[in-house]
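Residue numbers (our numbering): 283 to 598.
All C-beta atoms in this analysis are idealised placements derived from N, C-alpha and C, irrespective of residue type, glycine included.
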Ligand SMILES: [Fe+2]
Ligand SMILES: [Fe+2]
C-alpha cells in the first residue's frame, strides 16, 4: 500500500508527465518507474555492445578498404551508444559493473536479433538496413520519452543510426546491381533477416505485460505493433526500389487502411531465442566474457591512473 504522501507524489509525478515535462535524475520518481527504466535502458545498452559481435566478425573480411573503414566506424559507433546508455542508466542508481555482471552471468537480456549468425557479406548490408532501420523507428520515439537522460542519448544516437541504415542499404543496392551470384547472396540474406527484424519490436501488445504502464509514463510513446507497422510501411518500398523480395507471401498494400498487411510472426522462435536457445546465444556470451576478462588490465590501469591523478590533486 502506498502512504498518503506517496500517493500525492505519484499524482504530481503523473501530472508532470502528462504536461510533457521531462523527468531528471534527481527528481522524485516512483520506484517502479526507476526499475522499469533500469531494465529497459540496461537491455538497450547490452544490445548495443553485443550487437558489435556479429558485425565485428566481418571487419577483417570486408571486400574493400572503403567498406572496412565504414564498418569499423559503424561498429565503433555502437560501442559509443553502449557507453552513453550505460552512463544514462547509472543516473538511476545502478552501477555499470552491476549491469555488466548481470549480462555476463546470463541474467540480463539483450535484443534477440543478435543471436543470429552473419553468414555472408550481404548480412552486413541486411543488418544495417533492417536492424539499424528498426532501431531508428524505435529510438526516434524513445527520444521523446519522459526520462531526460535517456531521451537525450537517443537524439544523438539516432543521427548515427541514420548513417548505419544508409551504409547497409548501399551495400545491398550495390550487390543487387552486381552478378547473379551477388544478387542471390543479397536475397538469401534478406530471407533470413526479415522475420527476426520484425521480432525486434517485441511481442504483440496484448502479450506485452509492461506496455500499458510504460505508455502511461511516456517511457514508450507507441505500442510495439504500431512501431512494427511503421517499420514495415517504410521498408517495403525500399526493398522494391532495389529489386529485393521480402519473404512474406501475405505482404500486400491495404488501400483502405493505408498500411501494408503482413503474415504471422513465429513467436515460438522469438521466445526460444530470448530464452537462450537461439543459434548464437552461447557464442555471444562467451565472446563478451572473453573480452571482459582480457580487458581487465585496461580497467585496472585506468583506475590506477585515476587514483594517481586524484592523489596529485590532493597533494597539490
Ligand atoms: Fe546503435
Ligand atoms: Fe547502429
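Short Cβ contact (8 Å threshold) for residue i with residue j
| i | j | result |
| --- | --- | --- |
| residue 570 | residue 413 | no |
| residue 502 | residue 496 | yes |
| residue 469 | residue 526 | yes |
| residue 404 | residue 367 | no |
| residue 506 | residue 486 | yes |
| residue 524 | residue 544 | no |
| residue 555 | residue 394 | yes |
| residue 471 | residue 390 | no |
| residue 549 | residue 542 | no |
| residue 425 | residue 440 | yes |
| residue 435 | residue 304 | no |
| residue 370 | residue 322 | no |
| residue 429 | residue 329 | no |
Selection from the options that minimises the alpha carbon distance to residue i
| i | options | result |
| --- | --- | --- |
| residue 442 | 363, 486, 508 | 363 |
| residue 300 | 491, 427, 578 | 427 |
| residue 340 | 330, 354, 329 | 354 |
| residue 308 | 400, 372, 290, 459 | 372 |
| residue 509 | 379, 323, 421 | 421 |
| residue 315 | 572, 285, 494, 334 | 494 |
| residue 517 | 378, 381, 416, 336 | 416 |
| residue 529 | 477, 567, 520, 392 | 477 |
| residue 419 | 482, 361, 406 | 482 |
| residue 444 | 582, 297, 359, 589 | 359 |
| residue 479 | 411, 384, 575 | 411 |
| residue 519 | 451, 588, 317 | 451 |
| residue 296 | 462, 351, 500, 369 | 500 |
Between the CA atoms of residue j and residue i - distance to the nearest angstrom
| i | j | result |
| --- | --- | --- |
| residue 532 | residue 547 | 11 Å |
| residue 593 | residue 586 | 10 Å |
| residue 600 | residue 572 | This structure gives no information on residue 600, because the portion of the chain shown stretches from 283 to 598. |
| residue 388 | residue 537 | 45 Å |
| residue 381 | residue 319 | 13 Å |
| residue 558 | residue 551 | 11 Å |
| residue 293 | residue 492 | 20 Å |
| residue 312 | residue 289 | 10 Å |
Local Cβ density within 10 Å of residue i, reported as buried at 16 or more and exposed below that
| i | result |
| --- | --- |
| residue 540 | exposed |
| residue 453 | buried |
| residue 553 | exposed |
| residue 400 | buried |
| residue 431 | buried |
| residue 356 | buried |
| residue 336 | buried |
| residue 457 | buried |
| residue 397 | buried |
| residue 437 | exposed |
Beta-bridge pairing of residue i - partner residues as DSSP gives them
| i | result |
| --- | --- |
| residue 403 | According to DSSP, which records beta bridges pairwise, residue 403 is partnered with nothing at all. |
| residue 536 | 541 |
| residue 429 | 305 |
is_contact[residue i, chain B] using C-beta, thresh 8 Å
| i | result |
| --- | --- |
| residue 302 | Structure shown: chain B not included; a single protein chain is present. |
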